[in-house]
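A.B. asks: Which chain is which? The protein sequence lines are A, B and C, in order.
Just so it is clear: in the first sequence, position 10 is 10 by the numbering used here, and no numbers are missing.
Just so it is clear: in the second sequence, position 40 is 1040 by the numbering used here, and no numbers are missing.
Just so it is clear: in the third sequence, position 170 is 2170 by the numbering used here, and no numbers are missing.
We treat Cβ as the ideally placed atom computed from N, Cα and C, and that holds for glycine.
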Amino acid sequence: MNAALVLEQTLNGLQYGVMLFLMAAGLTLVFGIMNLVNLAHGSLYMVGAYLATAFAHWTGSFFLGAVLALPATLLVGVGVEVIALRTLYERDHLDQVLATFGLILFFNELIAILWGRAAIYTSVPPLLGGHLRVLPGVPYPTYRAAIIVVGVAVAILLWVLVTRTRLGMLIRAGASNRTMVGALGVNIRLLDTLVFGLGAALAGLAGLIAGPIYSVQPGMGEEILIQVFVVIVIGGIGSIRGAVVGAVVVGMVDTLGRAFLKPVLSTVVSAPAADKAGPALASMLIYLLMAAVLFFRPEGLFPARGRS
Amino acid sequence: MARGRRALVLGVGGLALALVPPLAAALNQPFYVDLFRRMMIFALAAASLDLILGYGGMVSFGHAAYLGIGAYAVGIPAFHGVDNGFVQWGLAIVASGLAALVIGAISIRTSGVYFIMITLAFAQMLYYLGISLETYGGDNGMRLARRSLFGPVDLTNPAVFYYVVLVILVLCLVVGGHVVDSRFGMVIRAARSNEPRARAIGFSPFRYKLAAFTIAGSMGGLAGALLANQTEYLTPDFMHWTRSGEIMFMVILGGMGTLIGPVVGAIVLLLLEDVLSALTAHWQIVLGPILITVVLFARRGLHGLLAGARPRDG
Amino acid sequence: MHTITRAVLVGLLSALAAAPAAAETVKIGFITTLSGPQGAIGEHMKSSVELALDHLGRKIGGLDVEIVYGDDQVKPDVGKQLADEMLKKHRVHFVAGVIWSNVMLAVAPTVTGAGTFMIGTNAGPHELAGKMCHELFFTTSWQNDQTPEAMGKYMQDQNLTDVYAMAPNYAAGKDMISGFKRYFKNKVVGEVFTKLGQQDYQAEISQLRAANPKAVFVFYPGGMGIQFLKQYEQAGLRGQIPLYSVYTVDEISLPAVKGAALGQFETRYWSPDLKNEANQKYVADFRKKYGKAPVFYGAQSYDGIMLIDSAVRAVKGDLTNKKGMIAAMRQADYKSTRGPYKYNVNHFPIQNFYLLKAVQAADGEFAMQIQKTVFENYKDSYAAECPMKW
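1) Should I156 (chain A) be labelled buried (16 or more other beta-carbon atoms within 10 Å of its own) or exposed?
2) Does the region 2197 to 2207 of chain C come into contact with the region 2140 to 2154 of chain C, if we say contact requires no fewer than three beta-carbon pairs (one atom in each stretch) closer than 8 angstroms?
3) Is Q2081 (chain C) buried or exposed, if buried means 16 or more other CB atoms sit within 10 Å of its CB?
4) Write down every uninterrupted run of the alpha helix (DSSP H) in the region 1091 to 1133 of chain B whose length is 4 residues or greater and which is fully enclosed by it, in chain order.
5) Is any beta-carbon of chain C found at less than 7 angstroms from that of G306 (chain A)?
6) May I ask you to list, following chain order, the residues of the region 96 to 127 of chain A that have a beta carbon less than 9 angstroms from some beta carbon of chain C?
7) When burial is assigned at 16 or more other CB atoms within 10 Å of the CB, is W1283 (chain B) buried or exposed?
8) Find the residues of chain C that neighbour G219 (chain A), judging by a C-beta separation of less than 8 angstroms, and give them in chain order.
9) Look up R1189 (chain B) in the DSSP assignment and say whether it is helix, strand or coil.
10) Consider the Cβ of I209 (chain A): report whether some Cβ of chain C lies at a distance smaller than 7 angstroms.
11) Rounded C-beta distance between L1222 (chain B) and A1228 (chain B)? I'm assuming under 8 angstroms.
12) Per DSSP, what kind of secondary structure is H1063 (chain B) in: helix, strand or coil?
13) Strictly below 7 angstroms CB to CB, what residues from chain A border G2057 (chain C)?
14) Any residues in the region 1119 to 1150 of chain B with a beta carbon nearer than 8 angstroms to a beta carbon of chain A? Which ones, in chain order?
15) Just to make sure I have the definition right: I need the residues of chain B whose C-beta is within less than 7 angstroms of the C-beta of E81 (chain A). Which are they?
16) Quick one: which unbroken alpha helix (DSSP H) runs of 4-plus residues sit fully inside the region 2143 to 2174 of chain C? Chain order, please.
17) Please classify W2100 (chain C) as buried or exposed, where buried requires at least 16 other C-beta atoms within 10 Å of its C-beta.
18) Give a yes or no on whether the minimum CB-CB distance between A243 (chain A) and chain B is below 7 angstroms.
19) How about L2105 (chain C): is its C-beta nearer than 7 angstroms to some C-beta of chain B?
20) If you measure between the beta carbons of G1217 (chain B) and S1096 (chain B), is that distance less than 7 angstroms?
21) List, in chain order, every chain C residue whose beta-carbon is nearer than 9 angstroms to that of E1195 (chain B).
22) Can you give me the start and stop residues for the beta strand (DSSP E) that A2367 (chain C) sits inside?
23) Quick one, which residues of the region 2226 to 2252 of chain C are near chain A if we go by CB-CB under 7 angstroms, in chain order?
24) Check Q2394 (chain C) in the structure and name its three-state DSSP category.
25) On the three-state DSSP scale, how would you describe G2120 (chain C)?
26) Taking all protein chains shown into account, decide if A2022 (chain C) is buried (16 or more other Cβ within 10 angstroms of its Cβ) or exposed.
27) Going by DSSP, name the residue or residues bridged to N1084 (chain B).
28) Can you pull the chain D residues whose beta carbon is under 7 angstroms from the beta carbon of H57 (chain A), in chain order?
29) Which residues bound the beta strand (DSSP E) around I2031 (chain C)?
30) Report the residue from B:A1278, B:M1219, B:L1271 and B:T1242 whose alpha carbon sits nearest the alpha carbon of W1089 (chain B).
31) What residues in the region 1275 to 1288 of chain B have a beta carbon less than 9 angstroms from any beta carbon of chain A?
32) Within 10 angstroms of the Cβ of N2 (chain A), are there 16 or more other Cβ atoms? Answer buried if so, exposed if not.
33) Pull out every residue of the region 1242 to 1276 of chain B whose Cβ sits closer than 7 angstroms to any Cβ of chain A, in chain order.
34) Exposed or buried, what is N2352 (chain C) when buried is set at 16 or more other beta-carbons lying within 10 Å of its beta-carbon?
35) Put R164 (chain A) into one of helix, strand or coil per three-state DSSP.
36) Say whether chain A places a C-beta atom closer than 7 angstroms to the C-beta of R1109 (chain B).
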């Protein structure tokens, strides 16, 4: 276990955290403003990946495909919000969990009908295909480095949006007291739709970024969704800051756990025992982390202000 | 009133279910004995979840964990040659109750969506634990060489096993009904509608909620023991989060906080799955919108539709 | 009155005379996964069953055929319920299909226990090849361990060393690695089990690079394989460290990974380019009917239907003659897509295993191509545990 490897794995953890953040940001915003638990957020991620692939195929350019896929996913998100989810805001979480679980089934089958059940082909754009030398002897895929850059940029943009703009002010106000914002004459319905669309676009962005490195197939959203929920619960639901911290923590813990838990364990217990326990424990690590965080802080690390 | 009506529904429903084996035999369609037995097992799981979800307002998204623990409590002794049903099922009830006690003790401190997620997290941990149990088949799970032995009561006879499941289901519903109508149940329901008030009049809801959570876990474990016997096979997949979602949907579909509703929900959902999947491979595109529609428009589930516009008790 | 009696009598007589032929319809229940992400495999199997029936003129052994498909949702308890439904409601004569070992272990004993034939067309868990073998259970696929054993043999024959092995952390993953090591005796520098269903392998790939192996052996079925191959290529390891795999690259995943799989080695008992008449007909007609390349899951399912047809034909349509059908199936007297083969005592095929390589054909399409035969007439390692004698 040398220093270069530790550094490389830290970079991997950061990159994974960035992916999680892009998903978590939309989910936590929607939760914060509309008080909606949206399991179908993973479906929007899948829709983003499929649309980007389809548009890239159509235009012949990954970047054009991405540019078209973002507003398209936003539109899909707005459509879902207006047709199905709008009536759910006032309901309890249970109804929301179930209705959005139904949406997952619907979207997975719809995609299967449109594109088939087998995974479809996606590739890294040639421009981002090479490697960067971050350290001597450690080539790092350019595409993964680009993911980190995009993620950090989105985090900064979101921060500016939420803290420096009028829309952001409304979002913050809506998160702490929805009724009051409505009473002050703000069109809260429009705000809801905007926020949901923004969240959908962010999920779509995560999906289109994921396309070239993951498998684009029906059901791809659920694999990441549960981990994203872990992120926002650890971070504190409704808090962008919480989503950033939660995503990086989960990304790091998961990656470093997978990489180093077994060697570290084998210094404590026998090697065969470490072989057995290591992978099992690494799979459970983020859930253990979440249970531990909630044990000490039942509302996550950064509970959103003004909510009980 | 609620108690009287529930007893009536229970009597009529139990009688109707009791007629399934002779009817199936008369129509020469023994398959329906297996199908309805599986439905009743899931009905038991759904009713156990309803105890905490419908009455206690505790949205546990990890209820399938107890199903898995119950199944392993049958499978692991059987693997080591212990086929005695009293030992296996007893272990299922105790082990899943203990697991629920621990999970509940940590989870009940949280509320709302945090509660949903922490119960999910525990179920996921148990799921991955099941996968890593290599001796017991890991992810593949393991076959149950024979069904649990109960002396002269022979579970390999489909009809006998059917009636055993039916009796257990009815008993659990009766006991569950008494629990929710008791002083204990009142506290749980009071805590659901207004926790500070319950605390103010001198009850500590935490202990009551935890007790309810444990009872529900035990009942879920018993359902798991039955499911292992039904399938004669058990896998960590019994604990997957989508299973928890399915059980939850059975409760909502049937009508939560009714105990009888979830039984109806389980039967209808499994029937729908069976019928739709025979029609088209794309059956989930039909099931999904049905789910959404029920949540949006039939807020009190099938029980609400059938029982008319009565206010939900509790 | 008189005429009526006569009409009834005539009707009865003609009905009796026609009974053996007209009254019988062969009923087959086919269990596979049709919904959800894994449904892609099930679609190939179902398509191949339909193609087999087309080739047989929609008859099995000369009798009319009715086929019932069941979607197991990758759940053993659902599979078991489907088997019960097929046996008790549809009263099928044969149950066939089943992709997953755990579903198979729940389904096969249910079917054979009811005195009905179970024709496995994919999963080959060692239990069914060994202690739990049954005279009514046949498979047209393989025993799970055989494919990694073949890869272990090949890599040992090449005298490769310092091999890094990776698989998901579940039962099949462990079996694949242990099957591989049964024949590969050189040094293994790392053995890594990843989370089942994991998406991102960058952390493991970094560890792999640091271990500096001379070759890598992996088992990543389905979506996991697609992600692993993409990420392996993006890490710049393709071309640097040769990658050998089992059940990772096939005709379902190739269109999704394309160039990222180029040069990949696999072992398998079948490939679309196997040169025999039955296979060429199957591959050509599959392409014509469905517009894509078939995959081994499909070839096995096609064979399963052909095997059933050969058995029903041998007993001249007398479906009550199970002894006769068992004897007929043991001959494997049909045109298999893998070429002629024999059955071992445990009703698993004794067959060749080949080394395959992912190549790009002249038309730009990516395909698997046979390089050499690794095992000839290979028997699985569990047949000795099977008490059946014939």
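C.D. replies: On the basis of the supplied data:
1) exposed
2) no
3) buried
4) 1112 to 1132
5) Residue confidence for G306 (chain A) is low, a pLDDT of 49 falling below 50, so the modelled location carries little weight; the figure read from the coordinates is stated next. G306 (chain A) does not count as touching chain C.
6) N108, E109, A112, G116, R117, A118, A119, I120, Y121, T122, S123 and V124
7) buried
8) G2036 and P2037
9) helix
10) no
11) Incorrect: roughly 11 angstroms between the Cβ atoms, too far for contact.
12) coil
13) Residues of chain A passing the Cβ test: none, with the nearest at roughly 29 angstroms.
14) L1120, A1121, F1122, Q1124, M1125, Y1128, L1129, I1131, S1132 and E1134
15) Those do not exist, as E81 (chain A) stays about 13 angstroms from chain B at its closest Cβ, beyond 7 angstroms.
16) 2146 to 2157
17) buried
18) no
19) yes
20) yes
21) Per Cβ cutoff of 9 angstroms: no residues; E1195 (chain B) is ~38 angstroms from chain C at best.
22) F2366 to Y2378
23) I2226, Q2227, K2230, Q2231, Q2234, A2235, G2236 and I2252
24) Because residue 2394 (chain C) is not part of the residues shown, which for chain C are 2001 to 2390, the question remains open.
25) strand
26) The predicted position of A2022 (chain C) is uncertain, since its pLDDT is 43 and thus under 50; a value taken from the coordinates is nonetheless stated next. Looking at its Cβ environment, which holds fewer than 16 other Cβ atoms inside 10 Å, A2022 (chain C) is exposed.
27) B:L1149
28) The structure shown has no chain D; the protein chains it does contain are A, B and C.
29) T2025 to T2032
30) B:M1219
31) A1281, H1282, W1283, Q1284, I1285, V1286, L1287 and G1288
32) exposed
33) G1245, M1248, F1249 and I1252
34) buried
35) helix
36) yes
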